[in-house]
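This report concerns only the one structure given below.
In this note's numbering, the protein residues as written are 8 to 212.
Pasting the structure below:
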């Protein structure tokens, strides 16, 4: 066999061995999944099966949220609370407690009450209003296993359809920005939720 042919054969054999090890060996480094591409159903199934942890999925969502301040999508980001809830869910999942939305990160519009988080409805006048109990819809989501990572921006007091709210801004430009083109606004009263989903920060809200 010519030298070039022998080298090619050796390289091919090594590549095959590497592929076999990467698939079969539990101690071998695995390629991380594209967590932002998972649907809610896929994420819930992967967490329930133990293929993925809620903690990993929630951390990835929080990281994406913090990496996109120019969207003005969030009024409040509850990093500590979300990670605590994800860790607790992972512990319960190991005991067999799978749920429909088990361990999946979601966002809540800022005019819906979430216990312990400000409910400003997008206006500075309500910045100190922190409800002590969840709204019924939030209670249902939590009961289904959802992890709330934060409250999303909106048209101030929901009095409009553009989502242009200069009162709440984390980026350089006012108004909730379009996830695909930040020179445009998101539109809609529920603009922050739409931007967060469009930017693949979360799958639903």
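We put the beta carbon where it would ideally sit given N, CA and C, even for glycine.
In or out: residue i buried (at least 16 other Cβ within 10 Å) or exposed?
i: residue 130; result: buried
i: residue 58; result: exposed
i: residue 135; result: exposed
i: residue 117; result: buried
i: residue 191; result: exposed
i: residue 188; result: exposed
i: residue 41; result: exposed
i: residue 100; result: buried
i: residue 168; result: exposed
i: residue 81; result: buried
i: residue 68; result: buried
Measuring CB to CB, does residue i end up less than 8 Å from residue j?
i: residue 83; j: residue 140; result: no
i: residue 194; j: residue 203; result: no
i: residue 75; j: residue 206; result: yes
i: residue 93; j: residue 110; result: yes
i: residue 179; j: residue 77; result: yes
i: residue 160; j: residue 79; result: yes
i: residue 96; j: residue 61; result: yes
i: residue 200; j: residue 114; result: yes
i: residue 144; j: residue 125; result: no
With a threshold of 6 Å on Cβ separation, who are the neighbours of residue i within its own chain once the five nearest residues in sequence on each side are excluded?
i: residue 119; result: 142
i: residue 170; result: 162, 183, 192, 193, 194, 195 and 198
i: residue 177; result: 76 and 79
i: residue 106; result: 151 and 152
Got a sec? Which residues, its chain only, sit under 8 Å from residue i by beta carbon, not counting five neighbours each side?
i: residue 164; result: 118, 128, 129 and 130
i: residue 46; result: 210
i: residue 149; result: 141 and 155
Please check the pair residue i and residue j, which I expect to be a contact at CB under 8 Å, by giving their CB distance rounded to whole angstroms.
i: residue 72; j: residue 208; result: 5 Å
Skipping 5 residues on each side, what residues in its chain have a beta carbon closer than 7 Å to that of residue i?
i: residue 48; result: none
Item to check | Contained alpha helix (DSSP H) runs [length at least 4] in the region 45-124, N- to C-terminal order | outcome: 47-56, 61-74 and 86-100
Checklist entry - Can you give, in chain order, each stretch of the beta strand (DSSP E) that sits fully within the region 120-161 and has at least 3 residues? => result 154-159
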